[in-house]
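To keep things clear, I will list the structure first and then write my remarks on it.
Number of protein chains: 2
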Amino acid sequence: MKPWFGTPGMTSGLLLRILQCLSAAASIAAMASSTGFATATSFCFLISAMGLQVLWSFGLACLDIHALRVKKDLQSQILLSLVVIGDWVTAILALAAASSSAGVVVLFVRDSDICKLEPTLSCHLFQISIAFAFFAWFLLVISSHTVLWLLASLS
Amino acid sequence: MKPWFGTPGMTSGLLLRILQCLSAAASIAAMASSTGFATATSFCFLISAMGLQVLWSFGLACLDIHALRVKKDLQSQILLSLVVIGDWVTAILALAAASSSAGVVVLFVRDSDICKLEPTLSCHLFQISIAFAFFAWFLLVISSHTVLWLLASLS
Numbered sequence: 000m001k002p003w004f005g006t007p008g009m010t011s012g013l014l015l016r017i018l019q020c021l022s023a024a025a026s027i028a029a030m031a032s033s034t035g036f037a038t039a040t041s042f043c044f045l046i047s048a049m050g051l052q053v054l055w056s057f058g059l060a061c062l063d064i065h066a067l068r069v070k071k072d073l074q075s076q077i078l079l080s081l082v083v084i085g086d087w088v089t090a091i092l093a094l095a096a097a098s099s100s101a102g103v104v105v106l107f108v109r110d111s112d113i114c115k116l117e118p119t120l121s122c123h124l125f126q127i128s129i130a131f132a133f134f135a136w137f138l139l140v141i142s143s144h145t146v147l148w149l150l151a152s153l154s
Numbered sequence: 000m001k002p003w004f005g006t007p008g009m010t011s012g013l014l015l016r017i018l019q020c021l022s023a024a025a026s027i028a029a030m031a032s033s034t035g036f037a038t039a040t041s042f043c044f045l046i047s048a049m050g051l052q053v054l055w056s057f058g059l060a061c062l063d064i065h066a067l068r069v070k071k072d073l074q075s076q077i078l079l080s081l082v083v084i085g086d087w088v089t090a091i092l093a094l095a096a097a098s099s100s101a102g103v104v105v106l107f108v109r110d111s112d113i114c115k116l117e118p119t120l121s122c123h124l125f126q127i128s129i130a131f132a133f134f135a136w137f138l139l140v141i142s143s144h145t146v147l148w149l150l151a152s153l154s
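Protein chains in written order, with numbering that gives the first Met the number 0: chain R, 0 to 154; chain V, 0 to 154.
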């Protein structure tokens with residue numbers, strides 16, 4: 000197995016998946032604990048997209064743990080193709096959700112004075128949640144690129 | 000040269016680039032002709048991102064026309080790598096801009112009654128602009144995947 004950072008079935012790959020899972024979970028926790036997140040559909044979409052990312056990254060982290068324990072090679076072409084497709088779908092949804100929420104927050108904070116006029120809205124928590132979502136998306140992009148190059152080198 | 004749809008230097012590749020360019024230009028035209036687009040930073044970001052996509056797709060369309068006229072093969076590894084990187088950067092910006100604008104429009108139309116309360120806002124034009132932006136992004140994804148597989152088959 001090539002020693003690329005983030006290769007599935009290696010410690011770095013497992014670390015990336017755990018970080019993705021934690022970032023997405025932190026994004027959900029920040030958004031769910033804020034008051035008034037149900038005012039915007041984008042915030043609910045962010046929770047759904049991050050929920051999907053938690054499930055996906057947790058599943059792949061379990062696969063990595065299994066591969067590390069039984070010293071199994073995960074470089075099968077079919078498995079890597081499935082991982083790349085899943086990574087891309089999850090990454091597109093995560094970027095769309097984070098961007099749409101960011102658009103709404105910029106409107107609340109910069110373009111209007113809604114955050115000042117309505118102090119019940121947890122604008123800081125919205126921003127923290129979106130920052131974690133973008134970080135989770137960035138980590139997912141690293142994983143998907145590693146798997147893509149592995150797949151290209153196999154074919 | 001493999002007869003894949005959207006291959007650079009082929010008629011299908013040129014057609015895809017022209018369609019991308021036209022969709023992005025239509026998105027800019029719809030947004031710029033609307034009243035009140037400057038109320039949201041996301042809408043200005045959409046215009047910038049679509050402007051970048053118009054320039055990028057127009058440049059590559061010119062390259063395709065040149066390759067078709069002089070019957071030149073564009074399957075150089077360095078050129079294809081540059082095209083893939085440029086496509087990805089443009090696609091990520093286009094998706095982020097379209098999603099953030101969509102988040103704001105959903106807030107205007109569904110989550111609040113701003114579109115009904117302020118009839119001066121051209122909410123229909125915002126929606127048309129965003130639809131064109133998503134279409135331009137989708138066409139860019141098709142191009143970038145074709146170039147990526149070409150690159151993988153070359154290496």
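Beta carbons: idealized from backbone N, C-alpha and C, even for Gly.
*Flag this pair as yes or no: are the beta carbons of Ser142/R and Asp86/R separated by less than 8 Å?*
Going by beta carbons, Ser142/R and Asp86/R fall inside the 8 Å limit.
*Could you say which of Ser100/R, Cys114/R, Gln74/R, Thr119/R lies nearest to Leu147/R if we only look at CA atoms?*
Gln74/R
*Do Ala39/R and Leu116/V have their C-beta atoms within less than 8 Å of each other?*
Cβ atoms of Ala39/R and Leu116/V: not closer than 8 Å.
*8 Å CB neighbourhood of Leu153/V in its chain, flanking five on each side removed*: These residues qualify, in order along the chain: Gln74, Gln76, Leu79.
*Under 7 Å from any heavy atom of the ligand COA, does the C-beta of Ala37/V make it?*
No copy of the ligand COA appears in this structure; indeed no ligand is present at all.
*Same chain only: Cβ atoms within 6 Å of Phe134/V, ignoring 5 sequence neighbours per side*: Sequence-distant partners of Phe134/V (beyond 5 residues in either direction) whose C-beta falls short of 6 Å from its own C-beta, in its chain, are Ser22.
*Near-chain R residues of the stretch 39-56 of chain V (beta-carbon distance less than 7 Å), N- to C-terminal order*: Ala39, Thr40, Ser41
_Spatially closest choice to Ser11/V from Thr145/V, Ala151/V, Leu150/V, by CA coordinates_ = Thr145/V
*asked:* Here's the rule I'm using: 16 or more other beta-carbon atoms within 10 Å means buried, otherwise exposed. How should Val53/R be labelled?
replied: buried
*For Leu92/R, the three-state DSSP class (helix, strand or coil)*: helix
_Close beta carbons around Ser128/V, own chain, < 6 Å, minus the five adjacent residues each side_ = Ser26, Ala29, Met30
*Under 8 Å between C-beta atoms of Ala93/V and Ala37/V*: no
*Proximity to Phe125/V [Cα-Cα], best of Ile17/V, Thr34/V, Phe57/V*: Thr34/V
*Measure the Cβ-Cβ separation of Ser41/R and Ser100/R and say whether it is below 8 Å.*
yes
*Any C-beta of chain R sitting closer than 8 Å to the C-beta of Ala130/V?*
no
*So what's Thr145/V in DSSP terms, helix, strand or just coil?*
Of the three classes helix, strand and coil, the one that applies to Thr145/V here is helix, per DSSP.
_Determine, for Asp112/R, whether the minimum Cβ-Cβ distance to residues of chain V falls below 8 Å._
no
*Give the residues of chain R in contact with Ser99/V, contact being defined as C-beta atoms less than 7 Å apart.*
Ser98, Ser99, Ala101, Gly102
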